[in-house]
Amino acid sequence: MSAVSHSLEHGHHAHQPSGLMRWITTTNHKDIGSMYLIFSFIMFLSGGVMALTIRAELFAPGLQVVQPEFFNQLTTMHGLVMVFGAIMPAFVGFANWQIPLMIGASDMAFARMNNWSFWLLPPAALLLLGSFFVPGGATAAGWTLYAPLSVQMGMGMDLTIFAVHIMGISSIMGAINIVVTILNMRAPGMTLMKMPLFCWTWLITAYLLIAVMPVLAGAVTMILTDRHFGTSFFNAAGGGDPVLYQHVFWFFGHPEVYIMILPAFGIVSQVIPTFARKPLFGYASMVYATASIAILSFTVWAHHMFTTGLPAAGQLFFMYATMLIAVPTGVKVFNWVATMWRGSMTFETPMLFSVGFLFVFTMGGFTGLICAIAPIDIQLQDTYYVVAHFHYVLVAGSLFALFSGAYYWLPKWTGHMYDEKLGKIHFWCSIVFFNITFFPMHFLGLAGMPRRIPDYNPMFADFNLMASIGAFGFGFSQLIFLAVVVKCIRGGERAAAKPWEGAEGLEWTVPSPAPYHTFEEPPVVK
Ligand code: CU1
Ligand code: CA
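Numbering (our numbering), first residue to last: 2 to 527.
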């Protein structure tokens, strides 16, 4: 008895697993947040290598770096890896780190489920990346996995379907955790309308995830049963319709775009007030704008399908509904600019990435409006204009906001200040090379260059050369970020409890617990 009680009293610290077991069994939101971020960065580099192989193939007309079959696998897997492996898990990593700190909760509501949400991801990634090595290789149906091609592809497609199922389960569990944490675990006095905006954007994103991940799971399951169990959901010969797949997929796919951008809005809404040294302009309107964007995102899916023979009334509906989203998005951009108006601004790396985001993401918003116009979209469908548009949204939008947030919170996460000079070099290289890569793609698309092809007419040569040079510059610039993060984890100037001077009270709504070094043993709670 006494031995047992002795070990119970004093055993907590002694029995805490260390080394690898600590990371496998951890239920600490900070540890899990770090694992999400490291995982997503590894996936970002894998997807990046695929992108660079694509750009090497397209460096000049007539080049053949890889087989055309493999090229199609690369464009597909680049998209899937970046969307499901890099961007989404990175935002979940931010949510894990920041939400409990920002609302004054001790941890996520379901700490053990949180561990499980993360550890589902590495096996899913292995399935996805492993599909390159099965007979027939990875699926080459495009990241949207359109039927009938995806029904006919080799077994790489089955691995992809299974991976999508697992990543979907992980996302849903993560989203449930975020909703329950925010609704039930806020500190006394932390009303919903006092929450930092990052929490609001994630609360709304979590609802989007719970609503649409099952739709994606349904879409790929229908492909699976069409492939192996004799159904004909997407087979016209059996009474089905391949266009049905596009409806189901984009009912998931458009809200998915906002899943990847609303948390980015949240990060930018934290960073800009800090470095403008003014409270966020129009907090309540930001909340309502976020919610409006989320609700409207369910009503626009067929703007991806203007060339499928939709009735004219349908085309008009989806065109106007899409344009409507520009209103709440405009409210947000206005509020960010108004926050900076007459602020005493400084431009440390997080602010550079947020202001950069504002310029370049807004470009992606404008080209989105152009694509929304049905008669124009019919011309631009499946051209590089669309590729340019969504990379302005997902790279200049999601990725730049992730970098902004990473630099902003690295001092909190690691306990050290990052190297400001290297951070600034990373920003300027990123934004310059980003534009060299993707701006010419607008012209390529307008001139009619189709996407997802391994070779092209020599008339497209100049802009492709520019894009490829830009892509390699952009890719290698990301190694600077890796260097900054590794350096910051390993040491450096100790970060103050409030690392951003002159911005007292704007960084955190509640006093956050003192940071401990994530890569040290966590402190023992007495
Ligand atoms: Cu869309
Ligand atoms: Ca080629």
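A virtual CB, placed ideally from N, CA and C, is assigned to each residue, including glycine.
Keeping to the same chain, check which residues put their C-beta closer than 7 Å to that of residue i; ignore five residues upstream and five downstream.
| i | result |
| --- | --- |
| residue 293 | 329 |
| residue 100 | 179, 182, 183, 200 and 203 |
| residue 316 | 307 and 375 |
| residue 450 | 384, 385, 457 and 461 |
| residue 459 | 62 |
| residue 390 | 365, 368, 369 and 372 |
| residue 262 | 394, 398 and 399 |
| residue 87 | 41, 44, 45 and 48 |
Less than 8 Å between the CB atoms is what I'm expecting for residue i and residue j, so what's the real figure, rounded?
| i | j | result |
| --- | --- | --- |
| residue 270 | residue 199 | 7 Å |
| residue 141 | residue 77 | 5 Å |
| residue 173 | residue 116 | At roughly 15 Å, the Cβ-Cβ gap does not stay under 8 Å, so residue 173 and residue 116 are not in contact. |
| residue 345 | residue 452 | So it is not a contact: roughly 45 Å between Cβ atoms. |
| residue 121 | residue 170 | 6 Å |
| residue 57 | residue 66 | 5 Å |
Whose C-beta lies closer than 8 Å to the C-beta of residue i among residues of the same chain, with five residues either side of it excluded?
| i | result |
| --- | --- |
| residue 421 | 349 and 350 |
| residue 298 | 209, 255, 256, 258, 259 and 326 |
| residue 281 | 198, 270, 273, 274, 287, 336 and 340 |
State the DSSP-derived secondary structure class of residue i, mapped to helix, strand or coil.
| i | result |
| --- | --- |
| residue 23 | helix |
| residue 62 | coil |
| residue 124 | helix |
| residue 228 | helix |
| residue 54 | helix |
| residue 542 | An answer regarding residue 542 cannot be provided, because it is not within the stretch 2 to 527 covered by the chain. |
| residue 18 | coil |
| residue 187 | coil |
| residue 329 | helix |
| residue 384 | strand |
| residue 149 | coil |
| residue 453 | coil |
| residue 495 | strand |
| residue 139 | coil |
Express the C-alpha separation of residue j and residue i in angstroms, rounding to a whole number.
| i | j | result |
| --- | --- | --- |
| residue 479 | residue 427 | 7 Å |
| residue 528 | residue 302 | Since the first residue shown for the chain is 2 and the last is 527, residue 528 is missing from the structure and cannot be characterised. |
| residue 357 | residue 401 | 8 Å |
| residue 139 | residue 128 | 10 Å |
| residue 7 | residue 19 | For residue 7, the pLDDT reaches just 42, beneath the cut-off of 50, and the residue's location in the model is therefore unreliable, leaving the point undetermined. |
| residue 441 | residue 495 | 43 Å |
| residue 9 | residue 175 | Bear in mind that a pLDDT of 44 at residue 9, under 50, signals an unreliable position, so the model cannot answer this. |
| residue 289 | residue 22 | 43 Å |
| residue 403 | residue 91 | 8 Å |
| residue 473 | residue 240 | 47 Å |
| residue 81 | residue 225 | 18 Å |
| residue 492 | residue 112 | 29 Å |
| residue 366 | residue 466 | 26 Å |
| residue 445 | residue 253 | 29 Å |
| residue 486 | residue 35 | 12 Å |
| residue 477 | residue 435 | 12 Å |
| residue 309 | residue 246 | 12 Å |
| residue 223 | residue 320 | 28 Å |
Confirm, please, whether the CB-CB distance from residue j to residue i is below 8 Å.
| i | j | result |
| --- | --- | --- |
| residue 268 | residue 95 | yes |
| residue 235 | residue 149 | yes |
| residue 399 | residue 336 | no |
| residue 55 | residue 75 | yes |
| residue 363 | residue 332 | no |
| residue 136 | residue 156 | yes |
| residue 405 | residue 59 | no |
| residue 37 | residue 93 | yes |
| residue 266 | residue 291 | yes |
Does residue i get closer than 8 Å to chain B when you measure Cβ to Cβ?
| i | result |
| --- | --- |
| residue 293 | You won't find chain B in this structure, because it holds only one protein chain. |
Can you list, in chain order, the residues of its chain with a C-beta nearer than 6 Å to that of residue i? Leave out the 5 residues immediately preceding and following it.
| i | result |
| --- | --- |
| residue 432 | 357 |
| residue 411 | 419 and 489 |
| residue 17 | none |
| residue 3 | With a pLDDT of 41 at residue 3, under the threshold of 50, the modelled position of that residue is not reliable, and the figure given next carries that caveat. Answer for residue 3: no residue qualifies. |
| residue 305 | 251 |
Is residue i near ligand 3, with its Cβ less than 7 Å from a heavy atom?
| i | result |
| --- | --- |
| residue 227 | This structure lacks ligand 3; its bound ligands are ligand 1 and ligand 2. |
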